[in-house]
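Residue numbering for the sequence shown follows the numbering used here, starting at 84 and increasing by one per position. Reviewing the structure listed below.
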Amino acid sequence: MQITADTHDLKPPRPGRWLGPVGLALLAHALLMGALTWGVHWKDEPLVSFEAELWSAVPREAAPRAVQPPPPPPPPPEPEKRPEPKPEPRPAPPPPPAVKEADIATAQAKKKAEAEKREEAKKIEAKRKAEAQEKEKEAKKEAAEKLAAEKKAREKKLADQKAEKAERAREVAEEKLRDQLRREQVARMMGQVGASGNPDARGSAARSSGPSSGYGNRVRERIRPNIRISQELPRNLLTEIEVRTLADGTISSRRVVKSSGNPAWDDAALRAIDRTGSLPRDTDGTVPSPMIVEMRPLD
């Protein structure tokens, strides 16, 4: 049964089902409106007017008939509100005068000329600064060169003075050496004069008249390790150099008496003698001076 009832509830309502309830609702509203209207009229009682005459023992004038005061005049109508006047709009500013194309072109040309003028002024200023910097740089360079030249001149002067002093010292030393050589030569000559002609004589003056036969080779062997040659030279070059020494063999001077014809070899031979510094003693214990040393590249 429960299933059957649920099935009936799911069915759509029958047409005309709501006519009864709607009609009852309309009737109830109509009755309510009628009752309200009747109630208002029932409470509104109409005013009843009547007249009466009053008599008294003493005749009196009848009182004047009461006059109903006139109804108050209706209130004056409220003045119609006028709308507030709207503020008048401000007049629009006059339009700017039309710029002519000629004026525009003139203004543009003026701006362009001013820009070019400013650019030219910038270039001139940059050029002026560059020239000023260049002048300053040149002045500094000249000052530095002047200082360098002055320093070089001072150094040259000192070097010249030193060389002159060394030259004077060398001349003095050579003069002393010449004096010593003269004295030794005089002594040898005196020894030769006083020496006997006996072959068995043991005096050294006669033997010191010249170096031994192998002394020249010994001198060249002493000088050879000090030769420095930076270029290849012909092998047939021959330079003769006069070498003077002190009594202990120290070389005091040397000079080329016969050049090989090749300045490079002559200079190399002289520098080798300078590096040697001293010559060995001969077999008799002395160092012959002066003596001629022959120098070849093959040596």
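Yeah, the Cβ is synthetic: ideal placement off N, Cα and C, and Gly gets one too. From a predicted model like this one, the values you see are computed outputs, not experimental measurements.
key: Coil, strand or helix - residue 315 by DSSP   = Residue 315 falls in the coil class under three-state DSSP.
query = Which value, in whole angstroms, describes the spacing of the CA atoms of residue 194 and residue 212?
reply = The straight-line gap from Cα to Cα measures roughly 27 Å.
query = Going by alpha carbons, who is nearest to residue 258 out of 309, 335, 245 and 107?
reply = The shortest C-alpha separation from residue 258 is found at 335.
key: Outcome for residue 231 when other beta-carbon atoms lying within 10 angstroms are tallied against a minimum of 16   = Burial state of residue 231 is exposed, judged by a 10 Å Cβ sphere holding fewer than 16 other Cβ atoms.
ask   = So, residue 359 versus residue 300, is the Cβ gap smaller than 8 Å?
value = Result no, Cβ atoms of residue 359 and residue 300 do not sit closer than 8 Å.
request  = Report all residues from its chain with a CB closer than 6 Å to the CB of residue 302; omit the five preceding and five following residues, and keep chain order.
outcome  = Excluding sequence neighbours, residue 302 sits near 362 and 376.
query = Which value, in whole angstroms, describes the spacing of the CA atoms of residue 349 and residue 266?
reply = The straight-line gap separating the alpha-carbon atoms of residue 349 and residue 266 is approximately 31 Å.
request  = Would you decide whether residue 87 is buried or exposed? Buried here means 16 or more other CB atoms lie within 10 Å of its CB.
outcome  = Per-residue confidence for residue 87 stands at a pLDDT of 48, beneath the threshold of 50, marking its modelled position as unreliable; no derived number is given.
query = By how many angstroms is the C-alpha of residue 110 removed from the C-alpha of residue 118?
reply = Distance between the alpha carbons of residue 118 and residue 110 is about 13 Å.
task = With residue 339 as the anchor, note down where its beta strand (DSSP E) starts and where it stops.
result = That run of the beta strand (DSSP E) goes 334–341.
query = Roughly how far, in whole angstroms, is the beta-carbon of residue 294 from the beta-carbon of residue 378, given that I think they are within contact range, below 8 Å?
reply = About 16 Å separates the two Cβ atoms, so there is no contact after all.
query = How many Å lie between residue 332 and residue 313 at the Cα?
reply = A straight line joining the alpha-carbon of residue 332 with that of residue 313 spans about 29 Å.
ask   = Can you give the Cα-Cα distance for residue 356 and residue 330, rounded to whole angstroms?
value = Near 17 Å, if we compare the C-alpha coordinates of residue 330 and residue 356.
request  = Provide the residue(s) that pair with residue 378 in DSSP beta bridges, ordered along the chain.
outcome  = Bridge partners of residue 378: 322.
key: Residue from 201, 370 and 320 whose Cα sits closest to the Cα of residue 341   = Sorting 201, 370 and 320 by C-alpha distance to the C-alpha of residue 341 places 320 at the top.
task = Select from 221, 114, 324 and 248 the residue whose C-alpha is nearest the C-alpha of residue 306.
result = The shortest C-alpha to C-alpha distance from residue 306 to any of 221, 114, 324 and 248 is the one to 324.
ask   = What's the call for residue 370, buried or exposed, on a 16-neighbour Cβ count within 10 Å?
value = Classification of residue 370: buried, given that the 10 Å Cβ count is 16 or more.
query = In angstroms, rounded to a whole number, what distance separates the CA positions of residue 289 and residue 337?
reply = The predicted model places residue 289 with a pLDDT of 39, which falls under 50 and marks its position as unreliable, so this point remains unresolved.
task = Count the other CB atoms, across all protein chains shown, that sit within 10 Å of the CB of residue 326; report buried if there are 16 or more and exposed otherwise.
result = Answer is buried; the Cβ neighbour count reaches 16.
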